[in-house]
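*Asks:* Those protein sequence lines, which keep their order, are chains A and B.
Residues 1 to 212 in full-length UniProt numbering are what the first sequence lists, from first letter to last.
Residues 1 to 194 in full-length UniProt numbering are what the second sequence lists, from first letter to last.
We treat Cβ as the ideally placed atom computed from N, Cα and C, and that holds for glycine.
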Amino acid sequence: PRRPPRNRSKALVASLRLHGTEEDCSCFCTSEVQILPVCSDRIVLIMGARSQLWSIAKMSVTGGVIGVTISDRYVTVVAIKGHSMHPTMTATDSALRGDIVLAEKACLDQYKFSRGDVILFKCPSNHKEVFVKRLIGLPGEWIQLPASSEIIKVPQGHCWVEGDNAARSWDSRSFGPIPLGLINGRVTHIIWPPSKIGRVERKWPEDRIPPF
Amino acid sequence: LMIPKTKGKIIPIEPSSPSAAAMSRFVRRLAGIPWRQIAGEASSVGLLMAQGLCAVHVVSEHVLGVAFPRGPSMLPALNMAGDVLLTDKVSPRRGWVGPGDVVLLLSPEDPRKIVAKRVLGMEGDEVTYPVDAGNSDATKTVVVPQGHIWVQGDNIYSSNDSRQFGPVPYGLVKGKMSYRIWPPSRIGSIDSKE
Numbered sequence: 001p002r003r004p005p006r007n008r009s010k011a012l013v014a015s016l017r018l019h020g021t022e023e024d025c026s027c028f029c030t031s032e033v034q035i036l037p038v039c040s041d042r043i044v045l046i047m048g049a050r051s052q053l054w055s056i057a058k059m060s061v062t063g064g065v066i067g068v069t070i071s072d073r074y075v076t077v078v079a080i081k082g083h084s085m086h087p088t089m090t091a092t093d094s095a096l097r098g099d100i101v102l103a104e105k106a107c108l109d110q111y112k113f114s115r116g117d118v119i120l121f122k123c124p125s126n127h128k129e130v131f132v133k134r135l136i137g138l139p140g141e142w143i144q145l146p147a148s149s150e151i152i153k154v155p156q157g158h159c160w161v162e163g164d165n166a167a168r169s170w171d172s173r174s175f176g177p178i179p180l181g182l183i184n185g186r187v188t189h190i191i192w193p194p195s196k197i198g199r200v201e202r203k204w205p206e207d208r209i210p211p212f
Numbered sequence: 001l002m003i004p005k006t007k008g009k010i011i012p013i014e015p016s017s018p019s020a021a022a023m024s025r026f027v028r029r030l031a032g033i034p035w036r037q038i039a040g041e042a043s044s045v046g047l048l049m050a051q052g053l054c055a056v057h058v059v060s061e062h063v064l065g066v067a068f069p070r071g072p073s074m075l076p077a078l079n080m081a082g083d084v085l086l087t088d089k090v091s092p093r094r095g096w097v098g099p100g101d102v103v104l105l106l107s108p109e110d111p112r113k114i115v116a117k118r119v120l121g122m123e124g125d126e127v128t129y130p131v132d133a134g135n136s137d138a139t140k141t142v143v144v145p146q147g148h149i150w151v152q153g154d155n156i157y158s159s160n161d162s163r164q165f166g167p168v169p170y171g172l173v174k175g176k177m178s179y180r181i182w183p184p185s186r187i188g189s190i191d192s193k194e
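1. Report all residues from its chain with a CB closer than 7 Å to the CB of N165 (chain A); omit the five preceding and five following residues, and keep chain order.
2. Where does F68 (chain B) sit, in a helix, a strand or coil, going by DSSP?
3. Spell out whether any CB of chain B is found under 8 Å from the CB atom of P37 (chain A).
4. Using 8 Å as the limit for Cβ to Cβ distance, is E22 (chain A) near chain B?
5. In three-state terms, what does DSSP make of T128 (chain B)?
6. Along the chain, where does the alpha helix (DSSP H) containing Y31 (chain B) start, and where does it finish?
7. Check Y157 (chain B) in the structure and name its three-state DSSP category.
8. Can you name the residues of chain B whose CB is closer than 7 Å to the CB of T62 (chain A)?
9. Under 7 Å Cβ-Cβ, which residues of chain A neighbour Y170 (chain B)?
10. Kindly list, in the order they appear in chain A, the residues whose Cβ is closer than 7 Å to that of L106 (chain B).
11. Check this for me: beta carbons of L105 (chain B) and V168 (chain B), under 8 Å apart or not?
12. Please classify G188 (chain B) as buried or exposed, where buried requires at least 16 other C-beta atoms within 10 Å of its C-beta.
13. Tell me the rounded alpha-carbon separation between Q164 (chain B) and V173 (chain B).
14. Is G98 (chain B) closer than 8 Å to M122 (chain B) when the C-beta atoms are compared?
15. With a threshold of 16 other CB atoms inside 10 Å of the CB of P37 (chain A), please say whether the residue is buried or exposed.
16. Just verifying my parser: in three-state terms, what is the DSSP assignment at V200 (chain A)?
17. Over what stretch of residues does the beta strand (DSSP E) that includes V97 (chain B) continue unbroken?
18. Since I190 (chain B) and A77 (chain B) are thought to touch, with beta carbons under 8 Å apart, how far apart are those beta carbons, to the nearest angstrom?
19. With a threshold of 8 Å on Cβ separation, who are the neighbours of Q34 (chain A) within its own chain once the five nearest residues in sequence on each side are excluded?
20. Give the secondary structure of L177 (chain B) by DSSP, where H, G and I count as helix, E and B as strand, and everything else as coil.
21. Going along chain B in order, which residues have a C-beta closer than 9 Å to the C-beta of D72 (chain A)?
22. Taking one C-beta from the region 117-130 of chain A and one from the region 179-195 of chain A each time, how about it: are there three or more such pairs within less than 8 Å?
23. Based on DSSP bridge pairs, tell me the residues matched to V154 (chain A).
24. Can you list the residues of chain A that R112 (chain B) reaches, using a CB-CB cut of under 8 Å?
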């Protein structure tokens with residue numbers, strides 16, 4: 001005997017239309033639809049639609065689960081909302097016209113970053129907000145604060161972040177070094193607007209003494 | 001099998017030696033295996049396995065996970081090793097964490113380490129802690145800054161916690177633990193009085 005086809009309901013409707021007699025109706029019994037001896041095409045059509053909805057629901061749940069996994073472990077898409085990284089990344093008041101970037105999560109396996117990376121991280125004073133800034137100081141490095149001539153050491157397990165737009169950036173100059181555990185990902189590409197599509201390069205701010 | 005055509009007539013090649021005969025039998029057998037069907041079934045099984053792994057990831061990261069804490073810093077509530085705890089991942093995201101809860105967090109000294117400690121103070125709370133437990137009775141009082149929490153191990157004589165690395169941002173909290181499911185003699189709430 002042939003194996004029953006995947007989409008049983010469709011095959012059921014097709015074969016019932018073909019035979020159309022009561023004797024043939026009683027032959028078809030599946031786990032989804034139990035055909036009583038008295039059946040009509042209309043009832044089978046309704047049951048076919050319900051199982052269509054069920055398969056659409058199953059596909060969306062599966063797609064959602066796979067999407068969440070990919071977004072958690074590999075790559076995610078983020079819309080920029082602040083002005084602290086201008087002109088590398090800009091935001092506008094309307095969500096549709098702000099820059100959209102791609103961020104990779106593979107770096108969260110070993111937490112190995114390089115100076116100049118652009119990273120996403122949770123704000124240390126509000127865990128619900130996510131910031132995007134450039135990594136200036138790695139753990140254990142001595143860096144010079146831009147305004148004063150102070151030299152500070154970035155503690156182990158922490159990093160110093162600053163935005164490209166120094167005037168409008170609330171960053172480590174205000175809230176100090178942040179623990180690496182707050183980092184959510186590393187920005188690799190800009191994917192919107194089309195004029196700015198391309199890699200986000202590792203950049204060191206000009207006239208800034210490199211750390212030692 | 002390669003069969004050369006000569007002027008419309010097809011002449012099968014006769015194997016010229018026993019090893020060539022074995023070779024042609026082998027090749028015939030290879031061609032008889034239903035590769036396409038096997039590839040189709042393998043890819044559908046692979047897809048099912050990928051969906052299963054994704055579901056496991058989503059549940060253990062966002063709903064309910066399992067933790068195997070080790071170390072002496074949370075004695076006597078948690079054993080030094082061998083405990084299996086249920087980790088609630090929903091509560092930290094919604095902010096349902098308060099003083100007295102045992103939480104899992106990424107260590108501020110090394111983000112690859114996950115540590116289990118008890119929350120003693122939320123933002124704005126005043127926390128009084130022993131500076132040098134075991135050697136002196138001196139204590140200090142701090143106010144926990146906004147967005148941060150103060151965590152301390154139950155075993156203050158052997159715990160590396162906020163007394164050493166200061167208050168930690170709430171964003172480092174990854175899960176809340178309240179139930180133990182192993183060993184069987186201690187199944188139940190972590191803080192039950194036996």
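*Replies:* The relevant details are as follows:
1. Excluding sequence neighbours, N165 (chain A) sits near H83, S84, M85 and H86.
2. Three-state result, F68 (chain B): coil.
3. In this prediction, P37 (chain A) scores a pLDDT of 49, lower than 50, which makes its location untrustworthy; no coordinate-derived value is stated.
4. Bear in mind that a pLDDT of 45 at E22 (chain A), under 50, signals an unreliable position, so the model cannot answer this.
5. In the displayed model, T128 (chain B) falls within a strand according to three-state DSSP.
6. Contrary to the premise, residue 31 (chain B) reads as Ala rather than Tyr in this sequence. It spans P18 to G32 - the alpha helix (DSSP H) in which A31 (chain B) sits, taken as one unbroken run.
7. Here Y157 (chain B) sits in helix by DSSP.
8. Going along chain B in sequence order, the residues near T62 (chain A) (Cβ under 7 Å) are Q51.
9. When 7 Å is used as the limit between beta carbons, Y170 (chain B) is near these residues of chain A: H127, in chain order.
10. Contact note: L106 (chain B) reaches chain A through G181, using a C-beta cutoff of 7 Å and chain order.
11. Cβ distance < 8 Å, so L105 (chain B) and V168 (chain B) count as in contact.
12. When all chains shown are included, G188 (chain B) counts as exposed.
13. Between the C-alpha atoms of Q164 (chain B) and V173 (chain B) there is a straight-line separation of about 18 Å.
14. Cβ atoms of M122 (chain B) and G98 (chain B): closer than 8 Å.
15. No answer about P37 (chain A) holds up, because its pLDDT of 49 lies below 50 and its placement is not dependable.
16. The answer is coil: DSSP assigns V200 (chain A) none of H, G, I, E or B.
17. Going by DSSP, V97 (chain B) is part of no beta strand (DSSP E) at all; its letter is neither H nor E.
18. Confirmed, Cβ separation roughly 5 Å.
19. Bear in mind that a pLDDT of 47 at Q34 (chain A), under 50, signals an unreliable position, so the number given afterwards is only what the model happens to contain. So no residue of the chain qualifies.
20. First, the amino acid is wrong: residue 177 (chain B) is Met here, not Leu. M177 (chain B) falls in the strand class under three-state DSSP.
21. Per Cβ cutoff of 9 Å: H57, V58, E61 and H62.
22. The count of Cβ pairs closer than 8 Å, one atom from the region 117-130 of chain A and one from the region 179-195 of chain A, reaches three, so the stretches are in contact.
23. Per DSSP, V154 (chain A) has no beta-bridge partner at all.
24. Result: Q110 and Y111.
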